[in-house]
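Inspection log for the structure reproduced underneath, given as structure tokens.
2 protein chains.
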Amino acid sequence: MKVIKTIAEARALRRQLTGSLGFVPTMGYLHEGHLTLVRHSRAENRHTAVSIFVNPTQFSPKEDYQSYPRDEARDLAMLEAERTDFVFMPSEEEIYPRAFSTWVEVTRITDRLEGAVRPGHFRGVATVVNKLFNIIEPTRAYFGQKDAQQVTVIQRMAADLNMNLQVVVAPTVREPDGLAMSSRNVYLTPAGRKAAPVLFRSLQLAREMWAKGEKDAGRLRQAVTAHIEAEPLARLDYVSVADTETLEELSVIDRPALVSLAVKLGKPRLMDNILLG
Amino acid sequence: MKVIKTIAEARALRRQLTGSLGFVPTMGYLHEGHLTLVRHSRAENRHTAVSIFVNPTQFSPKEDYQSYPRDEARDLAMLEAERTDFVFMPSEEEIYPRAFSTWVEVTRITDRLEGAVRPGHFRGVATVVNKLFNIIEPTRAYFGQKDAQQVTVIQRMAADLNMNLQVVVAPTVREPDGLAMSSRNVYLTPAGRKAAPVLFRSLQLAREMWAKGEKDAGRLRQAVTAHIEAEPLARLDYVSVADTETLEELSVIDRPALVSLAVKLGKPRLMDNILLG
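As you go down the protein sequences, you meet chains A and B in turn. Under the working numbering, think of the first position of the first sequence as 0, with each following residue one higher. Under the working numbering, think of the first position of the second sequence as 0, with each following residue one higher.
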């Protein structure tokens, strides 16, 4: 496994590769969700590259950029065990040199959900992913359904800017009790960790109602809200039942829908989602 | 010479090419300036592609998108004569489908000069050039120094987003009397056309002052302004003496400088520039 720190090295290596290249961009502190993406990439491509870069431009000044969990040695050992071909681990200066001033902005779908709560977040995500795509030049890039809006934003960007690659989305990987894997789960207190499966349970409740014929999006939101509010440690940030492409809120579920929610469980804020239809 | 209308056709053709590909993006209504770029590309690359697309997103609602000069048959004949390998001539719907919502924005350097006068112009330019680069995947892309700020914006975008290509800038091509070639020169009245060399003469005056040792940018601006104002048909929009990279106005010319100006000559608005140092 080659570990590469500079863009020049990545380009030189890329030029030597023949055949398909799968790419898994990450912010490190890897978990089973990331490793599943690596396995998908290995199954579908001749080579697999992973990037580890905690992207400062997707954090607002109030957010946890400095304290975002990092463990480089552990990440590299995990990727080595998955037989990753190369790991791109650039410095902040390599990605954002002093004169840097270009941004990729996906409009409209970023006004909603996480975008409404975290202004500038998806501009940072789209910009860094655009750069990484241009540096790595993958055949396919892998993302987890866990960050549903991020997936939509990256698919929109790749399509709108005619990026010559395929965006592949893999299902959310969960702990045995249903909690979606996330690097930020490490912030949960023992009590918070115990309460955390309430997110997925509330989504399962929504799925059951829908499967039994409920088409009223408002009733789904009410049921999820009531379920979350019954958990004393949880504070609901939002629950959404939206069109999977435009992310516009639905009143009637007459097309494929994304049910998503964000919940504060003490300090950490957790997200989860399911697709209906 | 192959003429291609869709992105799918362009991709299919691109996959078959081996060796270097030069690319000249244009808005059509070609003149000797464009053809010079094609010749540069042919000299430096195995294949040469030209695009013709009048990009609606770089025109403001008040500008001349509808009336921008177009002559497809003449353009294709000129490109054929230059032995261009392929011409990409997409429809507006092909480039901007209904759901399109992603923009590439180069900040800071676009606040000045043309960017200050034409809000949104460079966002449209950067976005369409980014798309065309991703569709054509050139080895080298060719632009004219005539549109100096556009060149700076595209170089900045390509560097910031790590686009894997080389941006090549060719000197401005001029009529025998010094008028810089431009598709918009066709709008000039006979009297306007006769007065138009005043732009380049005023720039030559600035160059002479600088060559004789003048380092005061203000005095250069004054001299250019006075020269333009002595022409009754001309109305000066701006004259700038700026750092070539940041486009920040200089007070002392202590580094490479761009002297640029925009002048209304009746209805059409002409631009020109020279580099010092």
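Backbone N, C-alpha and C fix where the C-beta goes; we use that ideal spot for every residue, glycine too. These numbers come from a predicted model, not from an experiment.
Chain B residues whose Cβ lies nearer than 7 Å to that of residue i
{"i": "A:K130", "result": "L160 and N161"}
Contact list for residue i against chain B, beta-carbon separation under 9 Å
{"i": "A:M88", "result": "Within 9 Å Cβ-Cβ: nothing; A:M88 doesn't reach chain B, min ~16 Å."}
Residues sharing a beta bridge with residue i, DSSP
{"i": "B:E248", "result": "B:A241"}
{"i": "B:K1", "result": "B:F85"}
{"i": "A:M180", "result": "BP columns for A:M180 are empty, so no partner."}
{"i": "B:D271", "result": "B:L260"}
{"i": "B:V168", "result": "B:F142"}
{"i": "A:I51", "result": "A:T25"}
{"i": "B:D63", "result": "Partner(s): none; B:D63 has no beta bridge."}
{"i": "B:L215", "result": "Before going further, note that residue 215 of chain B is Asp rather than Leu in the sequence given. In DSSP, B:D215 forms a bridge with B:V251."}
{"i": "B:R173", "result": "B:A179"}
{"i": "B:R234", "result": "B:K263"}
{"i": "B:L20", "result": "B:H46"}
Within chain B, the residues that residue i reaches when beta carbons sit closer than 8 Å
{"i": "A:I3", "result": "Here the premise fails: no neighbours, minimum Cβ distance about 14 Å."}
Residue from the options whose Cα sits closest to the Cα of residue i
{"i": "B:R155", "options": "B:A229, B:V128, B:M180 and B:L178", "result": "B:V128"}
{"i": "A:E79", "options": "A:S259, A:A48 and A:A216", "result": "A:A48"}
{"i": "B:D110", "options": "B:T151, B:L20 and B:R73", "result": "B:T151"}
{"i": "A:R254", "options": "A:R139, A:H33, A:T56 and A:T243", "result": "A:T243"}
{"i": "A:Q65", "options": "A:W102, A:M26, A:R41 and A:A195", "result": "A:M26"}
{"i": "B:P189", "options": "B:R38, B:L264, B:L198 and B:E136", "result": "B:L264"}
{"i": "B:H46", "options": "B:K266, B:E136, B:E213 and B:N272", "result": "B:E136"}
{"i": "A:E93", "options": "A:S259, A:I3 and A:V23", "result": "A:I3"}
{"i": "A:S181", "options": "A:I227, A:L34 and A:T17", "result": "A:L34"}
{"i": "B:E113", "options": "B:K145, B:P89, B:Y95 and B:S19", "result": "B:K145"}
{"i": "B:P170", "options": "B:R122, B:E43, B:E31 and B:D176", "result": "B:E31"}
{"i": "A:L269", "options": "A:A216, A:A147 and A:R73", "result": "A:A147"}
{"i": "B:F99", "options": "A:A256, A:E104, A:G212 and A:A76", "result": "A:E104"}
{"i": "A:G143", "options": "A:V197, A:A115, A:F22 and A:D159", "result": "A:F22"}
{"i": "B:A157", "options": "A:V168, A:E174 and A:T126", "result": "A:T126"}
{"i": "A:R117", "options": "A:P60, A:R139 and A:L160", "result": "A:P60"}
{"i": "B:S50", "options": "B:D63, B:T56, B:L75 and B:Q57", "result": "B:L75"}
{"i": "B:W209", "options": "B:A179, B:L257, B:P96 and B:V166", "result": "B:L257"}
{"i": "A:V172", "options": "A:A11, A:S19 and A:L29", "result": "A:L29"}
{"i": "A:F199", "options": "A:D215, A:R192, A:G177 and A:R13", "result": "A:G177"}
{"i": "B:T17", "options": "B:L36, B:H39, B:K1 and B:N44", "result": "B:N44"}
{"i": "A:R97", "options": "B:R14, B:P196, B:R107 and B:G276", "result": "B:R107"}
{"i": "A:V185", "options": "A:P267, A:R139, A:G276 and A:A7", "result": "A:P267"}
{"i": "A:S259", "options": "A:L219, A:E230 and A:A140", "result": "A:L219"}
{"i": "B:Y141", "options": "B:H120, B:R41, B:V53 and B:L249", "result": "B:R41"}
{"i": "A:Q203", "options": "A:D236, A:T224 and A:A72", "result": "A:T224"}
{"i": "A:A229", "options": "A:D215, A:A194 and A:P55", "result": "A:A194"}
{"i": "A:P196", "options": "A:A222, A:A216 and A:D271", "result": "A:D271"}
{"i": "B:D84", "options": "B:M0, B:L232, B:K214 and B:A216", "result": "B:M0"}
Within chain A, partners of residue i - CB distance below 9 Å
{"i": "B:I108", "result": "S100"}
{"i": "B:M156", "result": "T101"}
Partner residues on chain A for residue i, Cβ-Cβ distance less than 7 Å
{"i": "B:I134", "result": "N161"}
Give, in chain order, every residue of the region 94–106 of chain B whose Cβ lies closer than 8 Å to some Cβ of chain A.
-> Flagged, chain order: A98, F99, S100, T101, W102, V103, E104, V105 and T106.
Please specify which runs of the beta strand (DSSP E), each continuous and at least 3 residues long, are wholly inside the region 76–150 of chain B, giving them in chain order.
-> Counting only runs of 3 or more, we get 85–87, 101–105 and 139–143.
Chain-ordered residues of the region 5–36 of chain A with a beta carbon less than 8 Å from chain B | I6 and R10
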